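Here's the structure, in structure tokens; my notes come after.
Number of protein chains: 2
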Amino acid sequence: MKRLSDLTTGLVGQPMLEILNIANALAATGRTIYRFEVGDSDFDAYPHVIEATKQALDQGNTKYVASNGIEPLRQAIREYTAGKLGFTPELNQIVTMPANSIIDFVIRCTANPGDEIITLDPYFPTYEAVASYTGIRQVTVPLREGFRLDAGDLEARITPKTRLIIINTPGNPTGAVMSEAEIRDVAAVAAKHDIYLLSDEIYAENIYEGRHFSPSFADQCRERTIILSGFSKGHSMSGWRLGYAIGPAELIAKMGLMFNTVYTCLPPFIQHAGIAALATERRLMDERRSYYRSLRDLMVNLLNDIPGVTCAMPAGAIYAFPDISGTGMNSKDFARFVLERAGVALTPGAFFGKRGEGHVRLCYLRNEETIAAACEGMKKALGGNKRAVKFA
Amino acid sequence: MKRLSDLTTGLVGQPMLEILNIANALAATGRTIYRFEVGDSDFDAYPHVIEATKQALDQGNTKYVASNGIEPLRQAIREYTAGKLGFTPELNQIVTMPANSIIDFVIRCTANPGDEIITLDPYFPTYEAVASYTGIRQVTVPLREGFRLDAGDLEARITPKTRLIIINTPGNPTGAVMSEAEIRDVAAVAAKHDIYLLSDEIYAENIYEGRHFSPSFADQCRERTIILSGFSKGHSMSGWRLGYAIGPAELIAKMGLMFNTVYTCLPPFIQHAGIAALATERRLMDERRSYYRSLRDLMVNLLNDIPGVTCAMPAGAIYAFPDISGTGMNSKDFARFVLERAGVALTPGAFFGKRGEGHVRLCYLRNEETIAAACEGMKKALGGNKRAVKFA
């Protein structure tokens with residue numbers, strides 16, 4: 001007899017659907033909707049990346065290639081990693097696939113149903129979504145004041161069933177950049193208890209103050225550390241769906257076999273775009289980062305002008321994560337309120353874990369006019385209600 | 001404690017690695033290797049498809065889009081399906097993803113570990129690879145003389161644990177096109193026992209004699225039939241990694257949630273390529289098919305000239321699947337023999353199931369010179385050994 005399998009009951013997908021549906025319905029009436037809910041840039045990929053993609057298409061890079069990724073791209077990743085993190089991974093430590101898939105593949109290749117993985121809270125929702133459908137238990141470590149991690153909080157949650165710790169620096173949604181001391185503590189805990197450590201570094205090129213530090217310092221990804229990286233955020237290439245993992249060779253081999261089984265390979269012309277992206281002049285990257293920083297500053301300053309809203313300055317990533325508890329609303333009510341009253345679409349903090357409640361997330365990679373108009377609208381909508389606005 | 005998960009022991013990936021390694025080692029010595037092992041065309045995608053991909057890149061179709069696929073592509077699939085199969089699926093019956101992923105997603109969304117799926121034998125290896133790593137049991141139905149299916153053989157293998165039947169017409173590796181009567185029998189068995197039916201129709205545009213008939217006639221994919229289709233074979237677009245499933249809305253919704261969880265979405269510029277591909281003039285498709293037919297005829301005729309080899313004329317797909325049992329070798333020994341003695345890379349039939357043994361698979365979408373030279377080489381290598389060549 002046919003029936004859907006057990007795992008389908010755990011498939012949650014995007015929690016944003018309700019907000020998206022209201023936003024789309026309002027937009028369909030002709031109303032201007034300011035969209036800050038998607039973690040993507042309004043700015044295009046670099047022209048040389050688009051040209052490289054087109055050139056690869058013209059040159060016939062349009063057939064099946066190796067599942068782990070074409071060698072020129074993996075060589076380019078080796079060199080980029082040497083420059084960025086100070087070690088050169090072996091070719092067999094690298095596999096290319098969409099960065100989001102790396103989360104699914106690492107979790108499924110290291111944990112059985114019933115095993116546990118530890119994430120920080122707030123966390124990127126895909127960690128939860130994968131745990132949910134695989135029957136693997138997500139254990140969360142609430143971050144402390146300023147979204148800092150206390151290593152004791154982490155270690156207290158390790159059990160004999162813990163297989164994987166996931167960190168994310170700079171963090172989505174908080175924008176917090178983990179300090180070298182925090183990273184060293186996490187690496188020490190992972191080593192002491194012999195647990196895999198997935199370091200989600202997708203925002204490593206999006207740091208405005210401080211510097212990126214990776215737990216790969218401890219083992220060069222040979223023992224337990226897996227780096228997740230990709231091109232969506234640092235190189236404005238979300239639509240290319242290109243990322244890569246660097247990790248212990250035996251785990252990377254399994255992930256490659258899984259990618260082969262499920263996906264065959266990534267489009268080769270997309271991999272050529274990755275080679276071009278890694279060769280982007282530092283000057284261009286710095287220019288774009290400076291511009292992003294100015295957008296961050298603008299958004300955070302304007303958010304702090306809104307009654308009931310306070311926003312710390314995030315050191316990295318592409319999000320403002322203001323505290324909206326002063327409005328008296330919870331994060332979902334606030335999201336619906338500003339969408340209906342000010343046409344501003346943003347993400348309730350509750351989607352990022354219990355510790356995300358009381359906050360909302362806005363991706364500020366929009367133009368200045370959009371940011372200014374949206375913040376002005378929210379200020380007006382909340383203006384007469386400095387405290388305890390109740391969503392009707 | 002860290003350890004790889006149980007499912008990693010079931011990851012088998014490509015069984016071709018040994019042959020590929022020998023082929024690559026020989027090629028590295030400067031020797032000409034004639035490659036027939038990959039199920040891909042030597043011919044490029046249509047120029048208008050490449051242009052559409054480049055235009056979509058130039059027009060900024062490079063950001064996140066809906067996980068189920070952009071609506072213009074799904075609308076184009078509706079129209080194409082109406083023309084090809086005589087029914088118009090609803091939008092919520094369609095999800096786009098790489099065709100190979102559809103196999104993984106359909107199996108995982110319909111069967112639990114310990115459940116059973118039924119495939120024909122010979123079969124496309126991904127069916128086995130997915131069953132292997134998920135702990136779902138693959139039950140095979142050996143095809144009879146001429147690779148025909150007897151419905152009684154199928155029904156005899158149904159148990160209370162059977163969740164899914166997978167058919168593949170035209171078939172890989174056999175090239176057999178299932179008759180309308182065979183398809184009606186399969187659909188009746190699936191309906192009688194209330195089982196999902198995955199119809200892998202990736203080669204539906206690669207038929208040279210007879211016509212394509214789909215089990216979707218019975219339910220318009222509303223009840224149990226899932227069509228797997230894509231652009232790799234019919235439109236020579238293997239490197240785009242674009243396919244689609246049409247099925248019952250509740251199953252398609254789950255597959256979309258799973259795609260959202262694991263991959264987020266497909267690149268939008270690749271989806272625009274799909275729209276262009278579906279608009280390909282019938283004349284161009286017919287021209288290419290005629291050319292493919294001539295390559296098939298050439299290869300089959302030349303194979304039949306080789307001592308110990310007999311090859312039936314396949315009605316569809318892109319493979320010759322000769323019987324090599326007359327050489328006295330099994331299929332793996334034959335594959336190594338012709339690779340080392342004649343520089344011909346092909347796929348042992350044993351990789352496609354027990355019923356594939358005694359055969360080898362060659363993809364004939366190569367130019368005439370390559371086909372002629374390879375067959376000449378195999379003929380010479382086998383010439384002095386009309387019977388019982390033993391691989392040293």
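Note that the protein sequences, when read in sequence, are chains V and Y. Just so we're aligned: the first sequence equals residues 1 to 392 in UniProt numbering. Just so we're aligned: the second sequence equals residues 1 to 392 in UniProt numbering. Backbone N, C-alpha and C fix where the C-beta goes; we use that ideal spot for every residue, glycine too. None of these values were measured; they are calculated from a predicted model.
Neighbour flag for residue i against chain V, beta carbons, 9 Å
i: Y:Val65; result: yes
i: Y:Thr126; result: yes
i: Y:Ala388; result: Legend: pLDDT at Y:Ala388 = 43, less than 50; position of this residue unreliable, value from coordinates given subsequently. Answer no: the Cβ-Cβ gap between Y:Ala388 and chain V never drops below 9 Å.
i: residue 450 of chain Y; result: As displayed, chain Y neither begins before 1 nor continues past 392, which places residue 450 of chain Y out of reach and without an answer.
i: Y:Lys54; result: yes
i: Y:Arg224; result: yes
i: Y:Asp153; result: no
i: Y:Cys221; result: no
i: Y:Arg35; result: no
Contact with chain Y by residue i, beta-carbon distance below 9 Å
i: V:Tyr263; result: yes
i: V:Asp104; result: yes
i: V:Ser5; result: yes
i: V:Lys380; result: no
i: V:Ser294; result: no
i: V:Glu250; result: yes
i: V:Ser101; result: yes
i: V:Ala342; result: no
i: V:Gly171; result: no
i: V:Gly256; result: yes
i: V:Pro160; result: yes
Beta carbon of residue i nearer than 9 Å to that of residue j
i: Y:Leu251; j: Y:Thr110; result: yes
i: V:Gly316; j: V:Val177; result: yes
i: residue 429 of chain Y; j: Y:Leu11; result: Residue 429 of chain Y cannot be examined here, being either before or after the span of chain Y that is shown, 1 to 392.
i: Y:Pro89; j: Y:Gln220; result: yes
i: Y:Val49; j: Y:Ala276; result: yes
i: V:Ile227; j: V:Ala245; result: yes
i: Y:Thr225; j: Y:Ser214; result: yes
i: V:Leu257; j: Y:Thr8; result: yes
i: Y:Ile158; j: Y:Val186; result: no
i: V:Ala66; j: V:Leu278; result: no
i: V:Arg57; j: V:Arg78; result: In the sequence as presented, Arg is not what sits at residue 57 of chain V; that position holds Leu. Result no, Cβ atoms of V:Leu57 and V:Arg78 do not sit closer than 9 Å.
i: V:Arg137; j: Y:Ser5; result: no
Residue i versus residue j: straight-line alpha-carbon distance, rounded
i: V:Arg296; j: V:Cys375; result: 13 Å
i: V:Lys386; j: V:Arg148; result: In this prediction, V:Lys386 has a pLDDT of 45, which is less than 50 and means its spatial position is unreliable; what the coordinates show is noted afterwards. Rounded to the nearest angstrom, the two C-alpha atoms are 29 Å apart.
i: V:Val389; j: V:Leu382; result: Confidence at V:Val389 is low in this model, with a pLDDT of 44, below 50, so its placement is unreliable and the value that follows should be read with caution. The straight-line gap from Cα to Cα measures roughly 8 Å.
i: V:Ile33; j: V:Pro15; result: 19 Å
i: Y:Gly349; j: Y:Lys332; result: 8 Å
i: Y:Lys192; j: Y:Thr327; result: 44 Å
i: V:Phe43; j: Y:Arg336; result: 52 Å
i: Y:Ala99; j: V:Gly308; result: 50 Å
i: Y:Arg341; j: Y:Thr53; result: 42 Å
i: V:Tyr64; j: Y:Leu266; result: 17 Å
i: V:Phe321; j: V:Pro173; result: 7 Å
i: Y:Glu209; j: Y:Thr280; result: 21 Å
i: Y:Glu51; j: V:Gly114; result: 49 Å
i: Y:Glu369; j: Y:Met299; result: 11 Å
i: V:Leu26; j: V:Glu201; result: 35 Å
i: Y:Ile318; j: Y:Ile195; result: 30 Å
i: V:Glu287; j: V:Leu365; result: 14 Å
i: V:Val262; j: Y:Gly239; result: 15 Å
i: Y:Gly83; j: Y:Ile103; result: 25 Å
i: Y:Leu198; j: Y:Ile167; result: 6 Å
Counted within 10 angstroms of its Cβ, other Cβ atoms place residue i as buried (16 or more) or exposed
i: Y:Ala392; result: Any reading at Y:Ala392 is ruled out, since the residue's pLDDT is 40, under 50, leaving its predicted position unreliable.
i: V:Gly356; result: buried
i: V:Arg282; result: exposed
i: Y:Arg284; result: The sequence given here has Leu at residue 284 of chain Y, not Arg. Per the 10 Å Cβ criterion, exposed.
i: Y:Glu128; result: buried
i: V:Pro122; result: buried
i: Y:Gly353; result: buried
i: V:Pro268; result: buried
i: V:Pro125; result: buried
i: Y:Gly146; result: exposed
i: Y:Tyr203; result: buried
Exercise. For the segment 32–46 of chain V against the segment 359–370 of chain V, are there 3 or more C-beta pairs whose distance is under 8 Å?
Worked result: Yes, they touch.
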